[in-house]
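Written out below as structure tokens is the structure these notes cover.
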Amino acid sequence: MQYENTLEFARQQDAADPLKSFREKFFIPQHNGKDTVYLTGNSLGLQPQSTREYIQQELDDWAQLGVEGHFQAKNPWLHYHELFPSLLAPIVGALPHEVVAMNQLTVNLHLLMATFYRPTKDRFKILCEAKAFPSDQYALESQARLHGFDPKEAVVEVAPRPGEYCLREEDIIDAINQHGPQLALVLFGGVNYYTGQVLPMQAITDVAHNVGALAGFDLAHAAGNIRLQLHDWDVDFACWCSYKYLNSGPGSVAGAYIHERHCTNTELPRAAGWWGYEKDTRFQMKPLFKAIPTAEGWQLSNAPVLSMAAHRASLDIYAAAGMDALTQKSKTLTGYLFHVLDEINAAQEVKVIEVITPRGAGEHGCQVSLLMLQKGREVFKALTERGVIADWREPNVIRVAPVPLYNSFEDVWRFGEIIREVL
Ligand SMILES: *Cc1c(COP(=O)(O)O)cnc(C)c1O
């Protein structure tokens, strides 16, 4: 597409956008009585206007029915979690029985590692990205310790080359091969939270399997952002949160995926709880755990219905929009952001913004990370004062994510215009 950095062009694109009506389904935070330019859907997605209704339904049923709501609520709470697989499966590219909505992200990471990180004396290493999200680092480190290994030896990191920001596929592959016989698990973020780089999940999974290791992914920044094909890629397990791109509210219920070949295996060791127990006989409350032969078999507790109601409000919107249309718009919208930033750079004597997010097809989702070579704080301050909500990472990175559900081309233009004026 021929982009133009003008308000007129941005408005034309918005008028022709087949997803334009979706913006009206969300509350857009206000600044001086006007819509903010909200570019942090990668951190906390906006509230759908329908969320209140979905939660209200459960509050009303609880008020009127008390404990009977487990069976008699409009959406009986006993089965509430069963509403999710058909909504989540198309978002992560899984079969419905491979996915479950439960707990929160870091909790799920631990639960999945309880099953899929089963180190031995010879095969005990976990390969991950350097500077992984802190919670993931702590999870990996503590899992190594739980099994009696020194994390300094057990957790192996792959870093970008000196002077580079993103990981190279060949470096990841080399590292997997290099540690091959000692590798128990390869675990990466599907989309890097700092750079926005999409990792080659299929290639990583293939090579991990070749050396006899398992492959898992943290999809916090991938779920609802990019096209995923977890089942076809043969990924062993994955987990994600629902409050970033998936717009389900702060700390809302998370998700997990377990490949069919594993989730149907009720013999797999796990940290178990009653909600993972075979449904027909669960309430006989007998000793000895019998797992449900789906991803539900990893559930511990009964469903957090209030946060799940918010999750459902958002997933119904995802289902109406469809991942194809969303990723299509995402490419065009992010392409426009790249264009606007290039024009800003071109107008300066010395480059001010280094875009560290890779631009190749399939290498990025909607998040773009800008390394500010000059005037970073000034620019960020001006953005904030003028109603742009972006994200600042020390020492000098601004992360922005124009998300296709509710951001517009005009949002991107306004963002660029403020930077241009400050410079
Ligand atoms: C957002 C995020 C988390 C947050 O974990 P919670 O358990 O939801 O608090 C963890 N890991 C990554 C990669 C993230 O992006």
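Counted the way my numbering counts, the sequence shown spans residues 3 to 425. By construction, the Cβ of each residue, glycine as well, lies at the ideal position given by its N, Cα and C atoms.
(message) Are there any heavy atoms of ligand 1 lying less than 6 Å away from the beta-carbon of Gly-418, as far as the coordinates show?
(response) Sequence index remark: in the sequence shown, residue 418 carries index 416 (1-based). Gly-418: no, Cβ never under 6 Å from ligand 1.
(request) In the DSSP assignment, find the unbroken alpha helix (DSSP H) run with Ser-137 in it and report its ends. (result) By 1-based counting over the sequence shown, the position of residue 137 is 135. Here the alpha helix (DSSP H) through Ser-137 covers 136 to 148.
(request) Out of Phe-239, Leu-80, Glu-351, Ala-65, state which residue places its alpha-carbon closest to the alpha-carbon of Phe-285. (result) If you number the sequence shown from 1, residue 285 lands on position 283. The residue with the shortest Cα to Cα distance from Phe-285 is Leu-80.
(request) Look at Ile-260 and Ala-297 and say whether their C-beta atoms are less than 7 Å apart. (result) Working through the sequence shown from its first residue, we reach residue 260 at position 258. Working through the sequence shown from its first residue, we reach residue 297 at position 295. Yes. Within cutoff.
(request) Run the proximity test for Ala-222: is its beta-carbon closer than 6 Å to any non-hydrogen atom belonging to ligand 1? (result) One-based indexing of the sequence shown puts residue 222 at position 220. Yes, the beta carbon of Ala-222 sits closer than 6 Å to at least one heavy atom of ligand 1.
(message) So, does the segment 270 to 285 touch the segment 17 to 29, judging by three or more C-beta pairs under 8 Å?
(response) Cβ pair count under 8 Å is below three, so no.
(message) Quick check on this structure: which residue in His-211, Gln-231, Ala-186 has the alpha carbon closest to the alpha carbon of Gly-192?
(response) The residue given as residue 192 occupies position 190 in the sequence shown. Among His-211, Gln-231, Ala-186, the Cα nearest to that of Gly-192 belongs to Gln-231.
(request) Using only the heavy atoms of ligand 1, determine whether one of them is closer than 6 Å to the beta carbon of Cys-168. (result) What you label residue 168 is simply residue 166 of the sequence shown in a count that begins at 1. No, since every heavy atom of ligand 1 falls outside the 6 Å radius drawn around the Cβ of Cys-168.
(request) Put Met-2 into one of helix, strand or coil per three-state DSSP. (result) With the chain covering only 3 through 425, there is no way to say anything about residue 2.
(request) Taking 7 Å as the cut-off, decide whether the C-beta atoms of Asn-110 and Ala-311 are in contact. (result) The sequence position of residue 110 within the sequence shown is 108, counting from 1. The sequence position of residue 311 within the sequence shown is 309, counting from 1. Not closer than 7 Å, so no.
(message) Suppose you measure from the CA of His-149 to the CA of Phe-135; what does that come to, to the nearest Å?
(response) If you number the sequence shown from 1, residue 149 lands on position 147. If you number the sequence shown from 1, residue 135 lands on position 133. So the two alpha carbons sit approximately 22 Å from each other.
(message) Quick check on this structure: which residue in Leu-201, Leu-97, Val-390 has the alpha carbon closest to the alpha carbon of Asp-234?
(response) Your numbering for residue 234 matches position 232 in the sequence shown. Here the closest residue by C-alpha is Leu-97.
(request) Below 8 Å on the Cβ atoms is my guess for Ile-175 versus Val-188; work out the distance and round it to an integer in Å. (result) Mapped onto the sequence shown, residue 175 falls at position 173. Mapped onto the sequence shown, residue 188 falls at position 186. With 8 Å as the limit, Ile-175 and Val-188 do not qualify as a contact, their Cβ atoms being about 10 Å apart.
(message) So, with DSSP's three-state summary, where would you put Leu-97?
(response) The sequence position of residue 97 within the sequence shown is 95, counting from 1. Coil.
(message) Between the alpha carbons of Asp-393 and Ala-293, how many angstroms are there, rounded?
(response) Locating residue 393 in the sequence shown gives position 391, where the first residue counts as 1. Locating residue 293 in the sequence shown gives position 291, where the first residue counts as 1. Spanning the two alpha carbons is a distance of roughly 42 Å.
(message) Buried or exposed, going by whether 16 or more other CB atoms sit within 10 Å of the CB of Arg-163?
(response) Taking the sequence shown and counting its residues from 1, the one referred to as residue 163 is at position 161. Exposed, because fewer than 16 other Cβ atoms sit within 10 Å of the Cβ of Arg-163.
(request) Decide if Lys-353 is buried, meaning its Cβ has at least 16 other Cβ atoms within 10 Å, or exposed. (result) Position 351 of the sequence shown, counted from the start, is the residue given in the question as residue 353. The residue is exposed, with fewer than 16 neighbouring Cβ atoms inside 10 Å.
(request) Starting from the C-beta of Pro-92, find all residues in its chain whose C-beta is less than 7 Å away, skip the five residues before and the five after it, and write them out in chain order. (result) Within the sequence shown, the letter at position 90 stands for residue 92. Hits under 7 Å: Met-325.
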